[in-house]
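Working notes, beginning with the structure itself.
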Amino acid sequence: MMKRLSVIVIGLILLFITACSNSAINSSSNSSSESKGNSDKGTIKIGMTSAITGPYSEYGEGNKRGVQLAIEEWNKNGGINGKKIEIEILDDQLVPDKAATNVQQLIADPEVVAIIGPAGSGPGLATVPITEAKGMVHMNIVPQTITVTYPNGTNQPPRKNVFSFALQNDVEANVLGKFAGGKWKKVALLHESTAYGKSGIDLISEMLEKDFNNKPVAREEYNQGVSDMTSQLSKIKNAGAEVVVVVGLGADLANIKKGMDRLGLNVPLVATNGALSLPYVEGAGDLVLGTIGSMIGALGEEPLSPEAKKFADAYKEKYGVDRYWGNDEKNPQLFMSLNVANAYDGANVLFEAIKKAESTKSEDIIKSLESINDYKGVNATYSFSGQKHHAISEEAVNLFEYVKEGENIKLVPYK
C-alpha cells in the first residue's frame, strides 16, 4: 500500500513540475511576443524623439506636427487594421546624448513598435546604433548624414532597420556642387562643425575637384550658435572668393550673411536647405535677397500634386497659417518639406507597412517596408528595397532664390 501511495505522490509531483514548466514557457513566449508589439491591446504605439524645444525646434516641432497629423488621419479612418495609433514624444533639444537617452527609454517600453526621429545628424548618429542593436524599425526623418542610413557608404547595404525620408547629404551636395562648379571658378566653402556640416562640405569639395578641376580657394568651419564669424569670413574675403557655399542651419546662416555685409563681402551666398527656413529670414531680413538655396521642390510646384494639396489643406485646417505654414496665406512655405511633410510622409509609409504586414513584429515591418513601391507621398514617390533604404533623389531637389516683390520677400525657382 505504501509503495502504491509513493508512486501516486511521485506522479502528482511530476504533473506539477510539467504544468509549471509549460506555464513558464507560455509566459516567456507571451513576453517575447509583447516585446515585439504583438499584445492584444487595441492600440499600436510609436516612439519619437526630436528637438521640440531649443534653438533648432523648427525641425522637431514641425516633425511632431507632421506625425500627429498623419496619426489623426489614420485613426479617423479606423487606425491600422482596426487598431488605433498612439505616440509617445520626447524632447531632445537636438542634443545627441539626450536623444540617445530618450531612445533607450522608448525601446524599453514593450508596447513601442517603431521609432521616428530625431531631427539632426548628431542625434541621429547617436540613436541608430541603439535601435539597430534592438532590431527595431527606425524612420529617419531629418538627419542628412549618409552614415545614419548607410554606415559603409551608399554602395554598401543600409542598416537593416533604418529607412530615410531625409534629403541625404550626397543628394544635396551633388545639386550644389554641380551648380557652383559650373558657374564660378573661385569657390569658398563654409560649414558648421557637426557631422552634417563636415560630411556635406566634404562631398561638395570632392565634386568640385573631381568633376570641375576646381580646388576651393578657402574652407572654414564654425560651431553652431556662434554669432561672430568675422575671422572665417575675413579669410574667405582675402582669398578672393566669388561665391560662398555653406552647409548649415538657418539661424547660423543669418549670422553669416550679416557678417558678410559688415565686411563688404559682396558675393553670392549659396547654401543648403537651412537658407530657406524662417530663422534665416527672421535673422537676416532684407539681407537674404539674392541668396540661393537647395530644397525638395514638391511644395514649390504649381499646381501642387494631389498628395501635396491634400497635406497642405489638412495642415491648414488643423493649425492655420502659422510660422510653419509661412507668410503666404494661400501657399505653404517650401521649408515644410523638411520639417513637416517629411515626417508626415515617414509616418504614413510606416503605417502602410504595418498594415500590409498585418503584424507589429520588427522583422515583419522591415520586410513590408522593403516591399513598398511607388507609394505617392508629399515630397516624393517612395520605393524601397533590401539595398535601398532612402527615397529622395536629385530629381526631387530644386534651387530657389530670394527676390523682392513689392514689400514682400519671396522664394522663386532659380533661373
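So for the sequence shown, our numbering puts the first residue at 548; every next one is plus one.
For every residue, glycine included, the Cβ atom is placed at its ideal position computed from N, Cα and C.
Keep in mind the model is a prediction, meaning the values are calculated, not measured.
According to DSSP, residues forming a beta bridge with residue i
i      : result
Tyr769 : Glu739
Leu946 : Ser841
Gly594 : Glu635 and Ile662
Ser711 : Asn687 and His937
Val734 : Val790
Tyr929 : Tyr922
Ile627 : Lys630
Which listed residue (the options) has its alpha carbon closest to that of residue i
i      : options                           : result
Ser852 : Glu620, Pro690, Phe898 and Val925 : Val925
Tyr697 : Pro643, Ala720 and Leu672         : Leu672
Thr819 : Ala927, Met683, Phe947 and Gly811 : Phe947
Ala496 : Tyr603, Thr701 and Gly589         : It is not possible to answer for residue 496, since the shown part of the chain is limited to 548 through 962.
Val764 : Lys732, Lys951 and Leu823         : Lys732
Thr674 : Lys611, Ile748, Ser597 and Val659 : Ser597
Glu848 : Arg870, Ile634, Ala943 and Ala666 : Ala943
Ala720 : Gly811, Leu958 and Glu941         : Glu941
Ala727 : Gly873, Ile839 and Ile843         : Ile839
Met842 : Pro705, Gly609 and Leu958         : Leu958
Leu825 : Ser778, Ile662 and Asp875         : Asp875
Asp808 : Ser781, Glu829 and Leu796         : Ser781
Ser668 : Asp639, Gly682 and Ala680         : Asp639
Asn610 : Tyr862, Gly744 and Lys681         : Tyr862
Leu916 : Thr928, Gly613 and His936         : His936
Residue interval of the alpha helix (DSSP H) (run including residue i)
i      : result
Leu802 : For clarity, residue 802 is Asn in the given sequence; the question names Leu instead. Here the alpha helix (DSSP H) through Asn802 covers Gly797 to Leu810.
Asn649 : Pro643 to Ile654
Val792 : Careful: Val792 lies outside any alpha helix (DSSP H), inside the beta strand (DSSP E) at Val790 to Val794.
Trp872 : It is not in any alpha helix (DSSP H) - Trp872 carries neither H nor E in the DSSP assignment.
Phe858 : Pro853 to Tyr866
Ser980 : Outside the displayed range of the chain (548 to 962) lies residue 980, so it cannot be described from this structure.
Thr696 : Ile693 to Thr696
Asn785 : Thr777 to Asn785
Any C-beta of chain C under 8 Å from that of residue i
i      : result
Glu864 : Checking the listed chains, one finds no chain C in this structure; it contains a single protein chain.
DSSP-derived helix/strand/coil call for residue i
i      : result
Met842 : strand
Asn573 : Because Asn573 carries a pLDDT of 36, less than 50, the predicted location of this residue cannot be relied on, and no value is offered for it.
Gly832 : helix
Val887 : coil
Ile976 : An answer regarding residue 976 cannot be provided, because it is not within the stretch 548 to 962 covered by the chain.
Glu952 : strand
Ser579 : Unreliable positioning characterises Ser579 in this predicted model, as indicated by a pLDDT of 32, which lies under 50. The coordinate reading is nonetheless provided below. If DSSP states are grouped into helix, strand and coil, Ser579 belongs with the helices.
Asn585 : Bear in mind that the predicted position of Asn585 carries a pLDDT of just 46, short of 50, making it too unreliable to give a figure here.
Lys877 : coil
Lys908 : coil
Pro657 : coil
Gly669 : helix
Asn760 : coil
Tyr606 : helix
Arg612 : helix
Glu849 : coil
Gly893 : helix
Asn622 : helix
Asn813 : coil
Lys882 : In the sequence as displayed, the identity of residue 882 is Phe instead of Lys. Reduced to three states, the DSSP call for Phe882 is coil.
Ser568 : Because the pLDDT of Ser568 is 39, which lies under 50, any placement of that residue in the model is unreliable, and the number read from its coordinates should be weighed accordingly. In this structure, Ser568 counts as helix in the three-state DSSP scheme.
Asn699 : coil
Nearest-angstrom Cβ-Cβ length linking residue i and residue j, presumed shorter than 8 Å
i      : j      : result
Leu963 : Val793 : The structure shown has nothing for residue 963, since the chain only spans 548 to 962.
Ile913 : Lys707 : 6 Å
Ile783 : Glu767 : 6 Å
Ile956 : Val835 : 6 Å
Val896 : Tyr922 : 6 Å
Asn628 : Glu905 : 6 Å
Ala666 : Val689 : 5 Å
Boundaries (first-last residue) of the beta strand (DSSP E) holding residue i
i      : result
Pro960 : Asn955 to Pro960
Ala818 : Leu816 to Ala818
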